[in-house]
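In this note's numbering, the protein residues as written are 1 to 333.
All C-beta atoms in this analysis are idealised placements derived from N, C-alpha and C, irrespective of residue type, glycine included.
Please read these numbers as outputs of a predicted model, since none were measured by experiment.
Report on the structure given below.
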Amino acid sequence: MEWTDKQKNRQLRARLLAAGLAPAVLICAGTGWLWALLGGLCAAIFYILIEWLLRLTGGSLAAAAERAAGRTAGRAVLLLEALWTLLAAARAAGLGAWAFPEDAARPLAAPVLLALAVWAAMQAPGAGARCAAAISGLLAAVFGVLLLAALPDLRPENLQPWGSARGGAAAFAALLFPAAALCARPEGDSRLSGGASVALALTAASASLAAAGCLSPALAAAEPLPFYALVKSLTVFGVLERFEPLYSAAVLASGFCLVSLLLDAGAALLRRAGSFDRASALPLLLYLPLFALSGPAARISEEIWAVGATVFWGILPVLILVIVLLKKVRKKE
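Set out below in structure tokens:
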């Protein structure tokens, strides 16, 4: 089946939104809503800028890296991009355990998420994207239900802006993952999904606003998982309801979408950076290394993660594309 550009656009938007729910509720909910919004919007600006530069250069980032720095140096840059993106996939799998904070079986979340992502990557091209698009509507509905259930408990005095720039940096790094999908976009692909990156910023701000509005800013900042603490306290008509299973299922499904996206992008960059005799089996070969890294990667500090994400998914792609664009302009002159 041939997909039209319009269908690809919808599928990519759905995939990004489905993958963005997990970082929004796990990471961004613990920051001030204004900082979460600003961090998300900065990530959206980077994403839109890279997308715009890709359209101007008329190619992919993989091809642009070789044109900007030469074949050897360009492949070295792609290798660094691939390794960072795969580390992000391992980290996302490790954070999947947060979907079950009170369950003794939560360590199983990482190997299960990675196994599902590897399985999707080894199917027909785009299988992971189709899976994510299929469940994106359900994830949006679950998140909407949780926010609606939280509305009666919102206290106006808790809705004032709070937090610090550190929280904004954490939100920026958490929501910059769509740039990884652009890094691995095929040459000639004209999909546009800047609106999805803006929607991710609004989702993160909504999760933060609900958590602080119901719990209080001080409690939201102190809780390791403020949105989960909010979910445990939700009531309907004055009766405490058990929304935790709904929350856990949504976060785990979103975690699969995120791991699948990052694995697809990292494997594509790794294939371009070097030749592999068994390229089709590459996702399977990556399973054990990523599983081994999932624990340590989940413990990387937010400061280090923010710097790495900014360099590899922000500054480096923009720099490469700007160099290619300048060479293209000079060649015309």
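1. I'd like the span of the alpha helix (DSSP H) that includes Ile50, first residue to last.
2. Grab me the residues of Leu61's own chain with a C-beta within less than 6 angstroms of its C-beta, minus the 5 sequence neighbours each way, in chain order.
3. May I ask you to list the residues that DSSP assigns as paired with Thr203?
4. Give me the residue from Lys327, Ala180, Ser216, Leu288 with the minimum Cα distance to Ala29.
5. Helix, strand or coil for Ser164 per DSSP?
6. Consult DSSP for Ile323 and reduce its assignment to one of helix, strand or coil.
7. Which stretch, first to last residue, makes up the alpha helix (DSSP H) that contains Glu66?
8. Thinking C-beta only, is Trp98 closer than 9 angstroms to Arg91?
9. Could you give the first and the last residue of the continuous alpha helix (DSSP H) run that contains Ile304?
10. Exposed or buried, Ser301, counting other C-beta atoms within 10 Å across all chains shown (16 or more means buried)?
11. Going by C-alpha to C-alpha distance, which of Leu26, Val25, Ala24, Tyr47 sits closest to Phe193?
12. For Glu102, count neighbouring Cβ atoms within 10 angstroms of its own Cβ and tell me buried if that reaches 16, exposed if not.
13. Starting from the Cα of Leu263, find the closest Cα among Ala24, Leu284, Gly295 and give me that residue.
14. Among Val329, Ile320, Lys327, which has the Cα closest to the Cα of Gly74?
15. Within the chosen definition, does the stretch 216-226 reach the stretch 16-35 through at least 3 CB pairs nearer than 8 angstroms?
Well, looking at it:
1. Going by DSSP, Ile50 is part of the alpha helix (DSSP H) stretching over 33-57.
2. Cys183, Pro317.
3. Looking at the DSSP assignment, Thr203 forms no beta bridge with any residue, so it has no partner.
4. Residue nearest to Ala29 within the set Lys327, Ala180, Ser216, Leu288 is Ser216 (criterion: CA-CA distance).
5. Coil.
6. For Ile323, the secondary structure class from DSSP, reduced to helix, strand or coil, is helix.
7. Counted as a single uninterrupted DSSP element, the alpha helix (DSSP H) harbouring Glu66 occupies residues 61-69.
8. No, these two residues do not count as a Cβ contact at 9 angstroms.
9. Residue range 302-310 is occupied by the alpha helix (DSSP H) that includes Ile304.
10. Around the Cβ of Ser301, a 10 Å sphere holds fewer than 16 other Cβ atoms; the residue is exposed.
11. A small correction: the amino acid at residue 193 is Ser; Phe does not occupy that position in the sequence shown. With distances taken between Cα atoms, Ser193 lies closest to Tyr47.
12. Under the 10 Å beta carbon count, Glu102 is surrounded by fewer than 16 other beta carbons and is classified as exposed.
13. Residue Leu284 holds the alpha-carbon nearest to the alpha-carbon of Leu263 among Ala24, Leu284, Gly295.
14. Answer by Cα proximity: Ile320.
15. Yes, since at least three Cβ pairs between the stretch 216-226 and the stretch 16-35 fall closer than 8 angstroms, the two stretches touch.
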